[in-house]
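A short worksheet on the structure shown next.
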Amino acid sequence: MREIRHWLNGTAVAGSSGRQLPVWDPATGEQQAYVVAATAAETANAVAAAKAAFPSWRAASLSRRAEVMFRFRELVDANRKEIASLVSQEHGKTVADAGGELARGLENIEFAAGAPHLLKGGYSEQASTGVDVYSIRQPLGVVAGITPFNFPAMVPIWMFCNALVCGNTFVLKPSEKDPSVSLLLADLLRQAGLPDGAFNVVQGDREAVETLIAHPDVQALSFVGSTPIARSVYEQGTRAGKRVQALGGAKNHMVVLPDADVDAAADAAVSAGYGSAGERCMAVSVVVAVGAVGDPLVAAIKDRIARITVGPASDPAAEMGPLISREHRDKVAGYLAGAGEAEVVVDGRAAPVSSGPGFFLGASLVDKVPTDSPLYTDEIFGPVLSVVRADTYEQALELVNDNEYGNGTAIFTRDGGAARRFQYDVNCGMVGVNVPVPVPVAYYSFGGWKSSLFGDLHMYGPEGIQFYTRSKVVTSRWPDPASSTVDLGFPEVR
Numbered sequence: 069m070r071e072i073r074h075w076l077n078g079t080a081v082a083g084s085s086g087r088q089l090p091v092w093d094p095a096t097g098e099q100q101a102y103v104v105a106a107t108a109a110e111t112a113n114a115v116a117a118a119k120a121a122f123p124s125w126r127a128a129s130l131s132r133r134a135e136v137m138f139r140f141r142e143l144v145d146a147n148r149k150e151i152a153s154l155v156s157q158e159h160g161k162t163v164a165d166a167g168g169e170l171a172r173g174l175e176n177i178e179f180a181a182g183a184p185h186l187l188k189g190g191y192s193e194q195a196s197t198g199v200d201v202y203s204i205r206q207p208l209g210v211v212a213g214i215t216p217f218n219f220p221a222m223v224p225i226w227m228f229c230n231a232l233v234c235g236n237t238f239v240l241k242p243s244e245k246d247p248s249v250s251l252l253l254a255d256l257l258r259q260a261g262l263p264d265g266a267f268n269v270v271q272g273d274r275e276a277v278e279t280l281i282a283h284p285d286v287q288a289l290s291f292v293g294s295t296p297i298a299r300s301v302y303e304q305g306t307r308a309g310k311r312v313q314a315l316g317g318a319k320n321h322m323v324v325l326p327d328a329d330v331d332a333a334a335d336a337a338v339s340a341g342y343g344s345a346g347e348r349c350m351a352v353s354v355v356v357a358v359g360a361v362g363d364p365l366v367a368a369i370k371d372r373i374a375r376i377t378v379g380p381a382s383d384p385a386a387e388m389g390p391l392i393s394r395e396h397r398d399k400v401a402g403y404l405a406g407a408g409e410a411e412v413v414v415d416g417r418a419a420p421v422s423s424g425p426g427f428f429l430g431a432s433l434v435d436k437v438p439t440d441s442p443l444y445t446d447e448i449f450g451p452v453l454s455v456v457r458a459d460t461y462e463q464a465l466e467l468v469n470d471n472e473y474g475n476g477t478a479i480f481t482r483d484g485g486a487a488r489r490f491q492y493d494v495n496c497g498m499v500g501v502n503v504p505v506p507v508p509v510a511y512y513s514f515g516g517w518k519s520s521l522f523g524d525l526h527m528y529g530p531e532g533i534q535f536y537t538r539s540k541v542v543t544s545r546w547p548d549p550a551s552s553t554v555d556l557g558f559p560e561v562r
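The sequence shown begins at 69 in the working numbering and counts up by one.
The structure is reproduced here in structure tokens:
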């Protein structure tokens, strides 16, 4: 059976621990490969390789680093089909969905190629008599990324492109559930001209993560995953003196006001709720139907669910694939079994594909969900859309703002005043107005509020550049030796 290896110093390296972790085919339920989980020593070797590569990569000119990003972008674009197919094969999402993930990743590579503009400092001539002051941004050193299964290509690209173009070296710990694409991206970076050791990949699980958190040579950590683990990574990392950005879970609400176009809102809810089988941190998992829009909206969503084709990526007609694992599929189905007083309008467990091979669960719709139900409080991360009824805009806003999470939200309305009020009042990091999945473009930054983000800087975009660099201010004076004197007073500029 195929072993998915580590990547160290520019080449694939077999694992030595003997501790195998299975990689499943979600469409068939059969094992297709395995990783050999990295030991602490193997993870430390990856950090050592990155540390050794740092001085020369840091010394490379901004133009040289940008050139590598330009070449990497062209190689990723040229290999779109292979990358998307590999993502689909291990994650289970459709090839079209994987292609969309990669397109957003390409935007981030393009942003990184232009990052030298954002690395420019400031300069103040004659800040004091004969004194100039200027600021520069410098790389941190070795940085690490710990990434989730749901976007095995895009999320690593979010991290390592900005990190590398800023002059850092990188160690990636991808999800052990769909890790092959990490090696393909590593090889494309090599082909683009990135020096050996500047980018390394360790396959594994908790042991590798804990080693990266504790390692004194790792200067910063980027993480995307569930809120409990994000909180733990942040607390452990900052305790160890590292800079950390840890993105956690979400419970994204889509508020539909009575004046909204019902068909457009239903289209959006279905697209955002069931795309990638709901395994997206920006998926809409709660629709808040305000006033009389509730009944026609639920009917319109139910009608559209009946037309969704669920199946393996090998079926060209498939629009939604399986979930990542049998355990996760069963967990998601358990929320439907425990719906209680909520009304299960469409039960995905009854879909024919749910009883076949693989980890499939049909799209599900649950109406009139109480706010104390696990359907509402938990991040389900599957194709289950809950509808909560609200009488007024104020009640809907309160639901969003009182929620533990603050990743993304959306409002659907024809009223510009209501939309503007919502974006002003709502406590979320990313807001959509008639846009159900408001993932920012690459030249803005991605991140939520509340328990959806631990740290003070969001991911990618301008804040990504800030995260992977630190500022230094230089005060410079070139005096005439003949005018030099001793002055014990506090320096003044006037």
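Quick reminder that beta carbons are idealized off the backbone N, C-alpha and C, glycines included. Predicted model, so just to flag it, every value in this text is computed and none were measured.
- Within its own chain, the residues whose Cβ lies closer than 8 Å to the Cβ of H396, once the five positions on either side in sequence are excluded, are F427, F449, G450, listed in chain order.
- The Cβ atoms of A166 and A152 sit closer than 7 Å to each other.
- Contact check for T107 against S85 passes: the beta carbons are separated by less than 7 Å.
- Distance from the CA atom of F490 to the CA atom of L465, rounded to whole angstroms, is 8 Å.
- For L433, no alpha helix (DSSP H) segment is defined; the enclosing uninterrupted segment is the beta strand (DSSP E) at 432 to 435.
- Straight-line measurement puts the Cα of Y536 at about 7 Å from the Cα of C234.
- For W75, the uninterrupted beta strand (DSSP E) run begins and ends at 74 to 76, by DSSP.
- In this structure, S156 keeps its C-beta atom at 7 Å or more from the C-beta atom of M227.
- Membership of G341 in the alpha helix (DSSP H) is indicated by the continuous run 330 to 342.
- Excluding sequence positions up to five before and after G305, its CB lies within less than 7 Å of the CB of I281, L289, V312, all in the same chain and listed in chain order.
- Straight-line spacing of the CA atoms in V199 and P547 works out to 9 Å.
- Residues Y342, I373, I376, G416, P451 of the same chain have their beta carbon placed closer than 6 Å to that of A431, with the five preceding and five following residues left out of the count.
- W75 sits close to V269, with the two beta carbons spaced by under 7 Å.
- A distance below 7 Å separates the beta carbons of F522 and R299.
- Annotated as proximal: I533 and A183, with beta-carbon spacing under 7 Å.
- Taking all protein chains in view, the Cβ of S519 is crowded by 16 or more other Cβ atoms within 10 Å, so the residue is classified as buried.
- In the structure shown, H321 adopts extended strand secondary structure according to DSSP, grouped into three states.
- Contact between the segment 404 to 412 and the segment 345 to 360 is absent, with fewer than three C-beta pairs closer than 8 Å.
- Spanning the alpha carbons of A134 and G293 requires a straight line of approximately 29 Å.
- Note that the C-beta distance between M498 and G474 is not below 7 Å.
- Taking 8 Å as the upper bound for CB-CB distance, F122 and V210 are in contact here, some 6 Å apart.
- Contact annotation: G190 and S203 have beta-carbon atoms nearer than 7 Å.
- Between S243 and T279 a beta carbon distance of about 17 Å is seen, past the 8 Å cut, so the two are scored as non-contacting.
- In the structure shown, K370 falls within a helical segment according to DSSP collapsed to helix, strand and coil.
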